[in-house]
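Protein chains in written order, with the numbering used here: chain E, 1 to 487; chain V, 1 to 316. By construction, the Cβ of each residue, glycine as well, lies at the ideal position given by its N, Cα and C atoms. Please read all numbers here as calculations on a predicted model, not as lab measurements. Have a look at the structure below, then the notes.
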Amino acid sequence: MDRTLTHFIAALRNADVRISPAETLDAMNALELVGYRDRAFLKNSLSLVLPKTADEKETFDTAFDQFFSFEDISTQTATSETEQAGEGEQGEGDGQGQGEGSGGGKGSGGAKKGKFAGHDEEEDDLGPGEMSEPRSELGRLLMLESTVELTMRMAEAAKEARLEEIQVFTQKGLYTRKIMDAMGLADLSREISELRQSFRVPDRRLGQELKKRQNWLREQARDYVERQFLLHADATGRRLREDLLQKVKLSNVEHRNFRLIQEIVFRMAKKLAALHSRRRKVFKRGQLHVPRTLRHNMSYDGAIFDLRWKSVKVDRPKVFAICDVSGSVASYARFMLMFLYSLDEVMPKVRSFAFSSDLAEVTELFERNKIEDAIAKTLRDYSGGSTDYGQAFADFRKLCMDDVDNRTTIVILGDARNNYGDPRTDILKDMYDRAKRVIWLNPESRSTWNTGDAEMRKYTAYVHQAEECNSLMHLNRVVGNLLRAAA
Amino acid sequence: MTDIEQLAESVESLKDGFEAHRYICSNQIATAVYLAYHLRKPVLIEGPPGVGKTELAKTSADMFGLPLIRLQCYEGLDEAKAIYEWKYGKQLLYTQVLKETLDEVLQGAQGFAESVSRLHEFGDIFFSEEFLEPRPLLKALREEHGCVLLIDEVDKSDHEFESLLLEILSDFQVSIPEIGTVKAHREPPIVFLTSNNTREISDALKRRCLHLYIPFPDADLEQRIIHARVPDIPPELRRQLVTFIQDLRDLDLKKVPAISETIDWARTLLLLHTESLDAELVRDTLNVILKFQEDIVNVDAEITTLTSKALSAGAR
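What follows is the structure, encoded as structure tokens:
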């Protein structure tokens with residue numbers, strides 16, 4: 001049973017829910033307390049122990065439903081009551097398929113054949129009434145109608161059959177067969193055939209009922225394999241895609257991958273935030289810490305001469321982001337803004353500016369809207385017009401040059417293609433003198449920086465750092481440096 | 001079987017207990033308290049402000065009949081304010097006293113070594129329980145019959161403080177270098193931590209807690225909550241105002257009204273002897289549920305539609 005839980009946890013991890021071994025142990029303790037009988041209760045309990053953010057809870061909900069989804073056995077058997085004859089037929093055929101399957105190892109073939117090779121034996125209508133107790137373990141479980149326990153059993157069987165190694169969809173039949181075998185199908189089939197030949201009515205009644213449930217179980221096993229296939233095979237595919245997306249040029253990202261990329265950005269940002277939030281504080285002289293001073297000076301007879309100070313926080317980095325949002329660079333601006341604003345925990349003071357010809361501050365837009373909306377609005381409102389870096393710098397000077405101080409880092413994102421206008425390097429120089437650092441990120445590769453109307457050579461003279469930046473990997477490195485320098 | 005054990009016997013009994021204390025909760029919430037009690041694990045409660053996170057801890061204390069010890073977190077909170085502090089003034093006073101009586105203490109001491117060893121006896125006294133000032137966390141551990149410990153708004157505290165909490169949360173003990181480890185009594189406290197998500201809580205802390213997310217309630221639950229909290233309000237008006245609030249939450253607002261606002265509004269309407277909502281009344285009392293002028297302006301245009309929608313829902 002525990003193995004099923006660990007298997008479930010593995011699937012959760014596959015779906016990007018971070019679960020530590022300690023939490024696995026907690027889950028087991030919770031499981032011991034709660035039991036498997038009440039599905040909703042189990043779900044509630046596990047959702048308290050395993051997922052630890054609101055997002056993870058959502059993932060957990062779907063994963064739990066997928067993993068432990070078992071149609072209700074009683075409703076299923078009730079509906080199949082009407083097709084009793086057909087059921088019996090298929091059951092008979094399956095019995096034959098079972099023999100063949102275990103002998104030849106071609107489960108799916110056996111099952112398929114069973115459908116056609118069934119005898120025309122009609123079930124006697126025995127009506128409701130007393131039933132004898134099933135003897136085989138699987139039979140007992142089936143009659144108990146405990147769906148969760150059955151699921152656990154099935155998951156265990158799947159583990160034995162190494163279902164997690166399933167690679168291609170053609171293997172589904174094979175794995176279904178293997179799982180049924182591992183769950184004790186042989187015993188159950190033997191019991192059923194014995195029961196059906198019995199003279200006692202309760203025995204035969206049980207035989208019929210068991211057969212019905214056996215078929216239902218087979219359906220479930222097939223569904224289960226299907227789901228597991230999706231769960232495991234899908235995840236590896238996704239991981240591969242994510243790895244690729246981190247390296248691909250951002251302007252080449254297809255629209256359908258935006259959501260995924262956004263997730264990656266958030267995750268990267270979270271990692272960075274976790275890394276840097278810890279060394280935000282540096283100890284420095286500040287206010288007198290009275291209790292500690294008194295305590296410390298007790299050894300000097302209470303005469304206070306060795307002072308103790310409270311620690312003082314160093315300011316968090318102040319970042320001004322100036323983004324070119326004209327057509328050629330817009331897609332990069334999108335991701336950089338996304339990155340910067342995902343980091344608000346460690347960089348609460350981001351101010352952003354967008355321009356193509358005229359520059360405007362968009363900070364407020366980001367404060368009031370969700371990141372995606374703000375980006376969309378920014379691109380909509382400012383991306384028209386031809387690029388004019390000179391005008392943009394002039395606007396910047398007018399707007400907030402006074403706010404630039406020696407703690408400010410200015411990040412400029414743009415391709416420096418100025419349409420042969422005045423580059424206004426004098427303003428950039430002014431920024432360079434005032435700010436702590438000026439970083440220029442250019443989405444083009446270094447070799448094309450100075451071709452055509454690009455003014456990169458002139459600008460590089462007045463920045464502390466100029467970097468090529470056109471993939472998530474690059475972005476991650478640049479922003480990481482930003483934080484490291486600020487700490 | 002004690003009262004507490006009886007209450008915590010099943011999720012249903014807990015739910016009934018909460019209901020008796022006028023706290024209407026979902027299954028998820030009751031399960032959290034159930035697991036917290038049986039697994040002896042702290043519960044980290046997250047959710048938008050005003051959904052009853054702090055209230056849950058308070059009601060639990062009420063229901064179990066245990067004292068509530070509350071620690072409000074803020075930036076700069078440190079161990080001296082949260083766990084323990086030495087009574088340094090008293091220590092200083094005693095040093096003076098000791099100095100004056102030093103002659104008596106050392107009387108008859110043979111040589112330097114013996115004098116020092118006699119002095120050492122005093123050294124230990126200064127750092128004993130006598131001079132220890134327990135703060136909320138230590139107090140909670142020392143509570144003989146258990147208690148409910150509420151660490152409120154833990155996201156407001158610093159990262160360092162979070163690390164301080166780890167020991168007490170996982171082992172229910174506190175290490176004081178001068179004295180040793182203080183362990184909880186037979187009944188460890190039931191711990192609730194609340195967070196408004198102003199920043200991400202560290203993984204280490206999360207790992208040690210059960211994680212409960214309380215979302216805004218659905219219409220049905222909210223009606224029951226209003227019924228429990230403001231029992232005098234006519235049922236039709238209750239339905240109307242809950243529908244109104246639920247619709248309001250779907251709008252793009254700076255601060256969405258929470259349950260506490262709904263309750264306040266219900267009380268306001270009751271005070272005004274309202275029989276049924278109308279657009280004019282809603283406009284006049286909107287500042288009870290919306291806390292930003294911008295939001296009030298934005299909603300203003302929608303009031304008539306929302307009200308008529310609420311009225312038709314209430315009539316059902």
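Which partner residues does residue i have in the DSSP bridge list?
i: residue 408 (chain E); result: E:318
i: residue 213 (chain V); result: V:46
i: residue 181 (chain V); result: V:175
i: residue 323 (chain E); result: E:354 and E:413
i: residue 192 (chain E); result: Residue 192 (chain E) pairs with nothing; no bridge assigned.
i: residue 134 (chain V); result: V:84
i: residue 149 (chain V); result: V:69 and V:191
i: residue 361 (chain E); result: E:353
i: residue 548 (chain E); result: Lying before the first or after the last residue shown, residue 548 (chain E) is absent from chain E, which here runs from 1 to 487.
CA-CA distance, residue i and residue j?
i: residue 288 (chain V); j: residue 238 (chain V); result: 16 angstroms
i: residue 126 (chain V); j: residue 91 (chain V); result: 6 angstroms
i: residue 354 (chain E); j: residue 270 (chain E); result: 25 angstroms
i: residue 73 (chain E); j: residue 313 (chain V); result: Low per-residue confidence applies at residue 73 (chain E): pLDDT is 45, beneath 50, and the placement is therefore not dependable enough to give any value.
i: residue 181 (chain V); j: residue 299 (chain E); result: 25 angstroms
i: residue 75 (chain V); j: residue 253 (chain V); result: 28 angstroms
i: residue 207 (chain V); j: residue 20 (chain E); result: 8 angstroms
i: residue 181 (chain E); j: residue 174 (chain E); result: 11 angstroms
i: residue 169 (chain V); j: residue 161 (chain V); result: 12 angstroms
i: residue 17 (chain V); j: residue 322 (chain E); result: 57 angstroms
i: residue 191 (chain E); j: residue 135 (chain E); result: 8 angstroms
i: residue 472 (chain E); j: residue 211 (chain E); result: 57 angstroms
i: residue 119 (chain V); j: residue 406 (chain E); result: 55 angstroms
i: residue 136 (chain V); j: residue 70 (chain V); result: 7 angstroms
i: residue 450 (chain E); j: residue 456 (chain E); result: 6 angstroms
i: residue 243 (chain V); j: residue 213 (chain V); result: 23 angstroms
i: residue 481 (chain E); j: residue 82 (chain V); result: 36 angstroms
i: residue 255 (chain V); j: residue 292 (chain V); result: 7 angstroms
i: residue 145 (chain E); j: residue 297 (chain V); result: 57 angstroms
i: residue 462 (chain E); j: residue 394 (chain E); result: 16 angstroms
i: residue 176 (chain E); j: residue 225 (chain E); result: 6 angstroms
i: residue 13 (chain E); j: residue 360 (chain E); result: 43 angstroms
i: residue 499 (chain E); j: residue 211 (chain V); result: Residue 499 (chain E) lies beyond the range of chain E shown here (1 to 487); nothing can be said about it.
i: residue 433 (chain E); j: residue 442 (chain E); result: 21 angstroms
i: residue 197 (chain E); j: residue 47 (chain E); result: 48 angstroms
i: residue 66 (chain E); j: residue 52 (chain E); result: 20 angstroms
i: residue 66 (chain V); j: residue 141 (chain V); result: 13 angstroms
i: residue 17 (chain E); j: residue 475 (chain E); result: 24 angstroms
i: residue 387 (chain E); j: residue 57 (chain E); result: 45 angstroms
Comparing the C-beta of residue i with each C-beta of chain A, is any distance below 8 angstroms?
i: residue 263 (chain V); result: Absent here is chain A; the protein component of the structure consists of chains E and V.
Quick one: which residues of the region 253–287 of chain V get their C-beta closer than 8 angstroms to a C-beta of chain E? List them in chain order. Residues 254.
If we count Cβ pairs, one from each stretch, closer than 8 angstroms, do we get three or more for the region 119–136 of chain V versus the region 40–49 of chain V? Judged by Cβ distances under 8 angstroms, the region 119–136 of chain V makes no contact with the region 40–49 of chain V, as fewer than three pairs qualify.
When you compare the region 25–38 of chain V with the region 92–104 of chain V, are there three or more beta-carbon pairs, one atom per stretch, that lie closer than 8 angstroms? Contact between the region 25–38 of chain V and the region 92–104 of chain V is absent, because fewer than three Cβ pairs lie under 8 angstroms.
Stretch-stretch touch, CB-based, cutoff 8 angstroms, three pairs: the region 214–231 of chain E with the region 154–162 of chain E: The answer is yes - the region 154–162 of chain E touches the region 214–231 of chain E, with three or more Cβ pairs under 8 angstroms.
Spell out a yes or no on whether the region 143–151 of chain V and the region 53–66 of chain V are touching, meaning 3 or more CB-CB pairs, one atom from each, closer than 8 angstroms. The region 53–66 of chain V and the region 143–151 of chain V touch, with three or more beta-carbon pairs separated by less than 8 angstroms.
4-residue-minimum alpha helix (DSSP H) runs that sit fully inside the region 389–469 of chain E, ordered along the chain: Listed in chain order, they are 389–400, 425–434 and 456–460.
Pull out every residue of the region 184–218 of chain E whose Cβ sits closer than 7 angstroms to any Cβ of chain V, in chain order. In summary, no residue of the region 184–218 of chain E has a CB separated from any CB of chain V by less than 7 angstroms.
3-residue-minimum beta strand (DSSP E) runs that sit fully inside the region 64–112 of chain V, ordered along the chain: Runs found: 68–72 and 84–86.
Taking only beta carbons into account, state which residues of the region 77–107 of chain V come closer than 9 angstroms to chain E, listed in chain order. When C-beta distances to chain E are compared with 9 angstroms, the residues of the region 77–107 of chain V below that value are 80, 85, 86, 88, 89, 91, 92, 95, 96 and 99, in chain order.
Inside the region 209–258 of chain V only - alpha helix (DSSP H) runs reaching at least 4 residues: Within the region 209–258 of chain V, the complete alpha helix (DSSP H) segments of 4 residues or longer fall at 219–229 and 235–250, listed in chain order.
Short of 8 angstroms Cβ to Cβ, which residues in the region 292–311 of chain E face chain V? Result list: 294, 295, 298, 301 and 302.
Evaluate contact between the region 261–275 of chain V and the region 228–237 of chain V, counting only Cβ atoms and requiring at least three cross-stretch pairs below 8 angstroms. Between the region 261–275 of chain V and the region 228–237 of chain V there are three or more C-beta pairs closer than 8 angstroms, enough to call the two in contact.
Would you check if there are 3 or more beta carbon pairs closer than 8 angstroms linking the region 190–198 of chain V to the region 8–23 of chain V? Touching, no, given that fewer than three Cβ pairs across the two stretches are closer than 8 angstroms.
Positions along the region 201–228 of chain V whose CB lies within less than 9 angstroms of some CB in chain E: Answer in chain order: 201, 202, 203, 206, 207, 208, 209, 210, 211, 212, 213 and 215.
Sufficient close CB pairs (3 or more, under 8 angstroms) joining the region 3–10 of chain V to the region 458–478 of chain E: A contact is defined here as three or more CB-CB pairs under 8 angstroms, and the region 3–10 of chain V fails this definition with respect to the region 458–478 of chain E.
When you check each C-beta in the region 28–59 of chain V against every C-beta of chain E, which residues fall closer than 9 angstroms? Listed in sequence order: 28, 30, 31, 32, 34, 35, 36, 38, 39, 41, 43, 44, 46 and 47.
Three or more C-beta pairs closer than 8 angstroms, one from the region 369–381 of chain E and one from the region 408–416 of chain E: is that the case here? The region 369–381 of chain E is not in contact with the region 408–416 of chain E.
Identify each residue in the region 5–31 of chain V for which the Cβ-Cβ distance to at least one residue of chain E is less than 8 angstroms, and report them in chain order. Going along the region 5–31 of chain V in chain order, one finds 11, 27, 28 and 31 with a Cβ nearer than 8 angstroms to chain E.
Can you list, in chain order, the residues of the region 41–52 of chain E whose Cβ is nearer than 8 angstroms to any Cβ on chain V? Answer in chain order: 41, 44, 45, 47, 48, 49, 51 and 52.
Select from the region 370–383 of chain E all residues with a C-beta closer than 7 angstroms to any C-beta belonging to chain V, and list them in chain order. So the list is empty, because no residue satisfies the distance condition.
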